[in-house]
Amino acid sequence: MNNMLLRVYNLDKHFGGVYAVHNCTFGVREGTITSIIGPNGAGKTTAFNLITGILKPDKGTVWFKKKNITGLRPYEVARTGISRTFQLAKVFKYMSARDNLLIARQASDKELQKALDQVNYARELDTIAGELSYGNQRLLEIARALLLPHELLMLDEPTAGVNPKVRQELKSILKNLKKQGKTIVLIEHDMDFVMSISDEVIVLNEGTVLTSGTPAQVRKNKRVLEAYLGK
Amino acid sequence: MASSLLTIRNLEAGYGRLKALFGIEMVIKPGEIAVLIGPNGAGKSTVLKSVFNLCDIRKGSIIYKGKDITKLPTHERIQLGISIVPQGRQVFSNLTVKENLEMGAYMTKGKELIETRMDEVLSHFPDLRQKLNANAFSLSGGQQQMLAMSRALMQDPQLLLLDEPSLGLAPKTTQELFQRIQDINKEGTTVLMVEQNAKAACAIADQIFVLEEGKVALKGGRSVLKNPKIKNIYLGGHGH
Amino acid sequence: MPSMSGLAAQLIANGIIAGAIYALVAAGFSLIYNVAKFVHFAHGSVLALGAYFMFTFTSTKMPFIPAIILTIGATCIAGEVINRLVYRQLRERKASNAVLLIASLALMIFINALIIAVWGADIKTIVMPYENPVFELGDVLITGVQIDIIITAVVLLLVLWWLMKKTRIGKGMRALADNKDVAQTVGINPEKMYSIAFLIGSVLAAVAGILIGIEQNLHPVMGVSLMIKGFTGAVIGSLMSVPGAVLGAFLLGIVENVGIWWLPSGYKDAIAFALLFAFLLFRPQGLLGKKMREA
Amino acid sequence: MAFENYLIHLGILLCIYVMLTISLNLSVGFTGLLNLGHIAFFGIGAYASALLVLHGYPLWIGILGAALIAGLVGALLAVPTSRLKGDYLALATLGFLFIMGTIARNWTGLTRGPLGLPGIPRYTAENQTLLIIAAVTALAMTGIIWIITRTRFGKTLQAVRDDELATQMLGKNTFAHKIASMGLSALLAGIAGSFFAHYISFIDPSIFSSGDTILVFSMLIVGGLASVPGSLLGATIILLIPEPLRFIGFPSALVGPMREMLFALILLLILIYRPKGIFGKVDFQ
Chain R
1 MNNMLLRVYN LDKHFGGVYA VHNCTFGVRE GTITSIIGPN GAGKTTAFNL
51 ITGILKPDKG TVWFKKKNIT GLRPYEVART GISRTFQLAK VFKYMSARDN
101 LLIARQASDK ELQKALDQVN YARELDTIAG ELSYGNQRLL EIARALLLPH
151 ELLMLDEPTA GVNPKVRQEL KSILKNLKKQ GKTIVLIEHD MDFVMSISDE
201 VIVLNEGTVL TSGTPAQVRK NKRVLEAYLG K
Chain F
1 MASSLLTIRN LEAGYGRLKA LFGIEMVIKP GEIAVLIGPN GAGKSTVLKS
51 VFNLCDIRKG SIIYKGKDIT KLPTHERIQL GISIVPQGRQ VFSNLTVKEN
101 LEMGAYMTKG KELIETRMDE VLSHFPDLRQ KLNANAFSLS GGQQQMLAMS
151 RALMQDPQLL LLDEPSLGLA PKTTQELFQR IQDINKEGTT VLMVEQNAKA
201 ACAIADQIFV LEEGKVALKG GRSVLKNPKI KNIYLGGHGH
Chain S
1 MPSMSGLAAQ LIANGIIAGA IYALVAAGFS LIYNVAKFVH FAHGSVLALG
51 AYFMFTFTST KMPFIPAIIL TIGATCIAGE VINRLVYRQL RERKASNAVL
101 LIASLALMIF INALIIAVWG ADIKTIVMPY ENPVFELGDV LITGVQIDII
151 ITAVVLLLVL WWLMKKTRIG KGMRALADNK DVAQTVGINP EKMYSIAFLI
201 GSVLAAVAGI LIGIEQNLHP VMGVSLMIKG FTGAVIGSLM SVPGAVLGAF
251 LLGIVENVGI WWLPSGYKDA IAFALLFAFL LFRPQGLLGK KMREA
Chain X
1 MAFENYLIHL GILLCIYVML TISLNLSVGF TGLLNLGHIA FFGIGAYASA
51 LLVLHGYPLW IGILGAALIA GLVGALLAVP TSRLKGDYLA LATLGFLFIM
101 GTIARNWTGL TRGPLGLPGI PRYTAENQTL LIIAAVTALA MTGIIWIITR
151 TRFGKTLQAV RDDELATQML GKNTFAHKIA SMGLSALLAG IAGSFFAHYI
201 SFIDPSIFSS GDTILVFSML IVGGLASVPG SLLGATIILL IPEPLRFIGF
251 PSALVGPMRE MLFALILLLI LIYRPKGIFG KVDFQ
């Protein structure tokens, strides 16, 4: 059993009396694809923002490669080897695709083109990011996150707003990355996508972990469907 | 057409480049409670926003009482008797409860008419009556949601659109809220509601639409939740 | 030699007079900021226009009251012209607040230059039909006009408070300032509200222009320094609320005038800028504002 | 002969405004910092250079002092202000401009207050040589900015402009980048200030003027944000358009205000109809 690359203990974060995340504890095993699912407002994106330093937790700790990274600033977290994308793709809209990628890592055009091919990005390096379709902006952001030297890739709803063809490609892309030994954790709503590629699924509800396990275990668990359909 | 208060025909809509709906068909009869459920990102809220012209409609049309209102500006829809309670307990936090209600009747002329309607509305939400002079930000989450609904009711709408009213509310408050929605419906207001808490919403619904990826996947009465397809829609596993 | 406490009393009185003027500027400015959500820096120049209109109308020997009414009317027209020709065009093109701020600075420069071109750069004084008696209240010397300033400011601010609290239009503006999206769902038309906010702002600017024009003399760039003082007062009190801004403006007037007890009078402006800078950096929400959420 | 001198005078002014516009472009156009305090650094540079030389230091110490002092103040100002967003950053930097004006007016011991500093020694006797030096400096600065914006540092500044949070998540200390951008931008403005002081050989507190702030912003926006050639063109257009006013025979009292009204009007029209400017592709955020 490979060890836990990322561990989160009793994370708490509330906004004006309402708990976004409460006593949230989970781990991500190295070399796996781990998905975080749960109904709207379950605290999935807040958990991502707490791990990557965008939000400071009120209580609890975050450990990465056995090092406590709680409270580090986002650029410090990135330098420890965590690379992430955002719920709404955040590309540098006035810069070309090439310049977007060069911020992550200096590389030759050949290498950059290879990074883009890896995510089936269908446009040249010179196109300005702002003029791309939403799907292509999403792929560019993922390619950029892959180029940044990292050991953990965090994707926040990678399939959101992406057409079904690209969605299938994303599945194969993530599987290839896993083959190369990458560890991936993603927030996702498309259940077909989650159930078909995840080694481990963590179910968040009302800011805390309801259950976790293999896709089959989670699908069978009555309380998960109940969380979605409500009491 | 008389049998339909609101008809949505082949609706395609989204936000800028992001498409969310891929052809929605829906007929809502006067006096019923219609509920839209479905997994996250299925486009539930976008349907509601399209009826109120709060997003970009690409194709299809919205017929209200036989009239095509797809392109009608927002404030004219209010005069037709449609009002909306947006998602997330949106209130005028720095105004008092009474002022929030008065703003609901902003387009109404005549002080007495506003007073009588305020009494009617407060009869549905009695605990707001004691808080009339309190600022809205001092209310609890549940009270804020009830204030947002009362503000919409001040327009005496024929069609009330509710966007996830139970979000962030405790189960007990949600039950109380749904009871109030039924009372309001009994007095003749048609309700179109988007809800994540599918079980509680379907318990009071006359017609249920289950949305998946911008299309209506399932339609039916209160028994629709028992349909085995629900599990696949919510937890995937269509067998690829 | 007046006793120490006498001098202190006089400084405080001067502070209240200055505070009253700054409050009128701050009220107009923060109303527009709250409702239309951008910094209308040319508000001071509109005030200066008011003063110069008053100068022109009174120099035609017309009676005092019609001169005041004409001045207010002309200033309101100027305010609406600015709102419609510049800001509305920018809003329709989805310009960001940064663009609106730069446009307001350009307007400020434009109006100041216009005043110099039309009225000339020399100092002007408004001829008062009746003389300006000096009263002695204990150790404090205060002129009739200065008393008028305080009374007019207090009355106008109370009327503004009543208008915002008790009338349908006032509540509509506060609702729009609070939550624009929800305001539109109840049928409030933002552009109409912006025009009304500008109208009220212009009336306040006109009255402030008249009062200052009578009490001090007129110079083309008077609007800029008054705008900075009114704006500093608004930031100190709270940009988020008109009452907060008014309180901050009175506070600034007093602190500035009492401050020159220790510092040479030339440093009155420096006190204001130091306060502005400190509040913008360390407490942008002002004394009364709620902590703004960072994200 | 007189017309030739007038052209040389215009040439020197143009070089100074190119220095100001291209340096402003670095912090506003390339890094997205709405810095309304740029003219404060121009003034600081002018005073620093004039005071150093008037106190007996050689000219090159004056220029170096102007650059370093303005640059240091720019960097220091960036530390507290770069936490602020959009409006508040603009207001704080504008506030800084007014503060510098007040200090210049009241610190009579150092700056002789409203009397200003007369008799500032010139770089060179004839204006031709000064024009050449100014042109070389302006083009050098333009070259430096052109190169910087193509380096990795320059690309990161543009990433900070487009999305600071995403830039942080790529391991970049955006706080340090913003300080460096403001510092360098101020340093170059300081040099422009030194040129101005030693050319006009008299400066007073009015150098900290909001009018000039709008003038340089017009030049920047007309040319286009984040466009180096745009800044050159913008400075030329805005400086030359009002010049004919001098010859139409308006009373001299009218020329000054007419000039200011004209470029304020041009800026408003550009903001409304062509916010991206001629060459620009970046909008204000």
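Taken in order, these protein sequences are the chains called R, F, S and X.
Its first residue numbered 1, the first sequence is counted upward by one per residue in the working numbering.
Its first residue numbered 1, the second sequence is counted upward by one per residue in the working numbering.
Its first residue numbered 1, the third sequence is counted upward by one per residue in the working numbering.
Its first residue numbered 1, the fourth sequence is counted upward by one per residue in the working numbering.
We put the beta carbon where it would ideally sit given N, CA and C, even for glycine.
Burial state of residue i, where buried means 16 or more other Cβ atoms lie within 10 Å
i	result
Gly28 (chain S)	buried
Leu6 (chain F)	buried
Tyr273 (chain X)	exposed
Ser45 (chain F)	buried
Tyr6 (chain X)	exposed
His38 (chain X)	buried
Met193 (chain S)	buried
Thr31 (chain X)	buried
Met128 (chain S)	exposed
Gly53 (chain R)	buried
Ile248 (chain X)	exposed
Arg259 (chain X)	buried
Separation of residue j from residue i, as counted between CA atoms
i	j	result
Glu25 (chain F)	Gln207 (chain F)	13 Å
Glu212 (chain F)	Lys171 (chain S)	41 Å
Ala166 (chain X)	Leu170 (chain R)	21 Å
Ala51 (chain S)	Pro114 (chain X)	26 Å
Pro39 (chain F)	Gly223 (chain X)	49 Å
Glu164 (chain X)	Ala9 (chain S)	52 Å
Gly211 (chain X)	Ile111 (chain S)	11 Å
Ile149 (chain S)	Leu252 (chain S)	17 Å
Phe284 (chain X)	Glu80 (chain S)	25 Å
Pro220 (chain S)	Val255 (chain S)	26 Å
Glu115 (chain F)	Ala42 (chain R)	40 Å
Met107 (chain F)	Gly221 (chain F)	36 Å
Asp269 (chain S)	Met141 (chain X)	36 Å
Gly239 (chain F)	Val35 (chain F)	Unreliable placement is indicated for Gly239 (chain F), whose pLDDT of 45 sits below 50; no coordinate value is reported for it.
Thr167 (chain S)	Phe263 (chain X)	42 Å
Leu159 (chain F)	Asn53 (chain F)	15 Å
Thr151 (chain X)	Gly183 (chain X)	17 Å
Sequence-distant residues of its chain with Cβ nearer than 8 Å to residue i (five each side left out)
i	result
Leu169 (chain F)	Gly141, Gly142, Gln145, Leu177
Arg180 (chain F)	His124, Phe125, Met146, Met149
Ala48 (chain X)	Gly62, Gly65, Ala66, Ile69, Ala70, Gly190, Gly193, Ser194
8 Å contact criterion, which residue i and residue j should meet: CB distance rounded
i	j	result
Ser104 (chain S)	Val39 (chain S)	6 Å
Ser83 (chain F)	Pro157 (chain F)	4 Å
His43 (chain S)	Met240 (chain S)	Actually they do not touch by this definition, with Cβ atoms about 17 Å apart.
Ala48 (chain S)	Val246 (chain S)	About 21 Å separates the two Cβ atoms, so there is no contact after all.
Ala159 (chain X)	Phe86 (chain R)	Ala159 (chain X) to Phe86 (chain R), Cβ: 14 Å. No contact.
Same chain, Cβ closer than 6 Å to residue i, five either side skipped, listed in chain order
i	result
Asn10 (chain F)	Gly23, Gly60
Asn120 (chain R)	Glu169
Gly291 (chain R)	This structure does not reach residue 291 (chain R), given that chain R is present from 1 up to 231, and the question cannot be answered.
Closer than 7 Å: residue i CB and nearest the ligand NAD heavy atom
i	result
Phe153 (chain X)	With respect to the ligand NAD, the structure shown offers nothing to examine, as it has no ligands at all.
Close beta carbons around residue i, own chain, < 7 Å, minus the five adjacent residues each side
i	result
Ile204 (chain F)	Ile33, Phe178, Ile181, Gln182
Ala13 (chain F)	Ala20, Leu21, Thr46, Ser50, Cys55, Asp56, Ile57, Arg58
Ala20 (chain R)	Lys13, His14, Gly43, Thr46, Gly207
Val79 (chain X)	Ile179
Practice task
Enumerate, from N- to C-terminal direction, the unbroken alpha helix (DSSP H) stretches of 4 or more residues contained entirely within the region 83-160 of chain S.
Solution key: Along the region 83-160 of chain S, the alpha helix (DSSP H) occurs as fully enclosed runs of 4 or more residues at 88-92, 97-119, listed in sequence order.
Exercise for the section: Would you mind listing the alpha helix (DSSP H) stretches within the region 61-107 of chain X that are 4+ residues and don't spill past its ends, in chain order? Expected result: Fully enclosed alpha helix (DSSP H) runs of 4 or longer: 86-106.
Exercise for the section: Would you list, in sequence order, the uninterrupted beta strand (DSSP E) runs of no fewer than 3 residues that lie entirely inside the region 117-144 of chain X? Expected result: Listed in chain order, the beta strand (DSSP E) elements of length 3 or more contained wholly in the region 117-144 of chain X amount to none.
Practice task
Enumerate, from N- to C-terminal direction, the unbroken alpha helix (DSSP H) stretches of 4 or more residues contained entirely within the region 153-213 of chain R.
Solution key: DSSP runs (the alpha helix (DSSP H)) wholly in the region 153-213 of chain R: 164-179, 191-197.
Practice task
Tell me the start and end of each unbroken beta strand (DSSP E) in the region 64-104 of chain R that is at least 3 residues and wholly inside, in chain order.
Solution key: Counting whole runs of 3 or more residues, the region 64-104 of chain R contains the beta strand (DSSP E) stretches 82-84.
Problem - Any alpha helix (DSSP H) of 4 or more consecutive residues that is wholly inside the region 78-123 of chain F - result: DSSP runs (the alpha helix (DSSP H)) wholly in the region 78-123 of chain F: 97-104.
Handout entry: Complete runs of the alpha helix (DSSP H) confined to the region 194-264 of chain X [at least 4 residues]
Key = Annotation: the region 194-264 of chain X contains the following complete segments of the alpha helix (DSSP H) (minimum length 4 residues), in chain order: 210-223, 228-240, 244-247.
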